[in-house]
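Scroll down for the structure; my scribbles are underneath it.
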Amino acid sequence: AVTDAPAPVKEAKKPAMPDAQTVTEVKHYTDRLFSFRCTRPASMRFRSGEFVMIGLMAMNEKTGKEKPLLRAYSIASPSWDEELEFYSIKVPDGPLTSKLQHIKEGDEIILRPKPVGTLVHDALLPGKRIWFFATGTGFAPFASLLREPQTYEDYDEVIITHTCREVGELTYGRDLIEGLKSDELLNEVIGEGFWKKIKYYPTTTREESPKMGRITDLMRSGEAFADLGVPGIDKDNDRAMVCGNLAFNLEIKDMLEGYGLEEGANSDPKHYVVEKAFLD
Ligand code: A2P
43 AVTDAPAPVK EAKKPAMPDA QTVTEVKHYT DRLFSFRCTR PASMRFRSGE
93 FVMIGLMAMN EKTGKEKPLL RAYSIASPSW DEELEFYSIK VPDGPLTSKL
143 QHIKEGDEII LRPKPVGTLV HDALLPGKRI WFFATGTGFA PFASLLREPQ
193 TYEDYDEVII THTCREVGEL TYGRDLIEGL KSDELLNEVI GEGFWKKIKY
243 YPTTTREESP KMGRITDLMR SGEAFADLGV PGIDKDNDRA MVCGNLAFNL
293 EIKDMLEGYG LEEGANSDPK HYVVEKAFLD
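In the numbering used here, the protein residues as written are 43 to 322.
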C-alpha cells in the first residue's frame, strides 16, 4: 500500500574517533610534565626513536565542527613493548596539551600509526660510543632507545645527558634509567650488568642540583668530559643523537660539526642526528 507517511529518519551516527587507542596509565611528574601509556595497534611497527602524530578531537572554532588536533610525539617506549608510551609537556594555553594533560585511564586518544623520524640507529655509522643529548621532554626518544637492545649491541658505551630547568623535571629520566637495572628483557638479551655501559649526566639550569649548567657550556669548558672520564668527541669513536628545544639543537649541532662529526639520515648514515622536541 502506498502511504504519505514520511520515511523514518535515520538517526545520524556519530562517527567513531578515527585511529582511537585507549589510555592505560597516566603519571604526572611536575605541573609542567606528565607521561602516559596507551594500547598499540596490532599491526603497528616502528623503530625505537621514531615519532607519530597523536592527539584528540577538538572543536574547530571556524567551522564549529570537531576535527582531530594532532601533534608529533616521540614514542618513549621501545619497539618491542606491547603498549606505547609518551612523555609530554603541559602548556596551560597550548591547543593540544591544555586538554591532553587531563586524560585518564580508559580515555581514548587518536594515534596515526605511521611512525617516522631520524633518531634511529639506521641513520648512524658504526661507532664505539653513543651520546644521547636531551633537554626537557627531548628525553622521550631516548627513553625508547635506552630500552632497545640494539643500543647496547652496537656500542661499548652509552652516554645520556639531560639538561632541565628544575630538579623535578629529571624524575622521569632518572626513574627510567634506574629501572633498566631490573629490565628482564635487556638483562636476558644483553646480559646481566649491561646497564653498567650507561653513563647518566643530568644537569639543571634554574634550580640547585649536584651538577648545574647547560650541557653545551659544560662541554665547552671540558668539565663534562672530565666528569664522564672521556677524552672528548671525535668522528672515529663517537656517535650522537640530539633532541631538545630549537636553540639547544642548533648550538649542539654546531659543536658536533666543530668536533668533525657530520649529520646523517636514514638514507645516508653518518655521525650524528637531530630532532626537535615537541613544544605545544
Ligand atoms: P636555561 O634555563 O639556561 O634556558 P626549556 O624548558 O626552555 O625547553 O629548556 C630546557 C633546558 O634547556 C633548560 O635547562 C635550558 O636552560 C636549556 N637550554 C635552552 N637553550 C639552550 C641552549 N642553546 N643550549 C643548551 N641548553 C639550552
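Backbone N, C-alpha and C define an ideal beta-carbon position, used for all residues, glycine too.
For P83, same chain residues with a beta-carbon under 6 angstroms away, outside a window of 5 residues either side, are P155 in chain order.
T105 sits exposed, since fewer than 16 C-beta atoms from the chains shown fall within 10 Å of its C-beta. Between E208 and T246, the alpha-carbon positions lie close to 6 angstroms from each other. In the same chain as T139, and ignoring 5 residues on each side of it, the C-beta atoms closer than 7 angstroms to its own belong to S130, I131, K132, V133 and D322, in chain order.
For Y194, the enclosing alpha helix (DSSP H) stretches over residues P191 to D196. DSSP lists no beta-bridge partner residue for F181.
By the Cβ criterion, the segment 144-154 is not in contact with the segment 172-185, since fewer than three pairs of Cβ atoms, one from each stretch, lie closer than 8 angstroms.
Look at A289: its beta carbon is less than 6 angstroms from one of the heavy atoms in ligand 1. By DSSP's assignment, I131 forms a beta bridge with L75. Judged by DSSP in its simplified three-state form, A176 adopts strand. Taking all protein chains shown into account, G215 has 16 or more neighbouring C-beta atoms within 10 Å of its C-beta and is therefore buried. Here V231 carries a helix assignment [DSSP, helix/strand/coil]. V162 carries a coil assignment under DSSP once its states are collapsed to helix, strand and coil.
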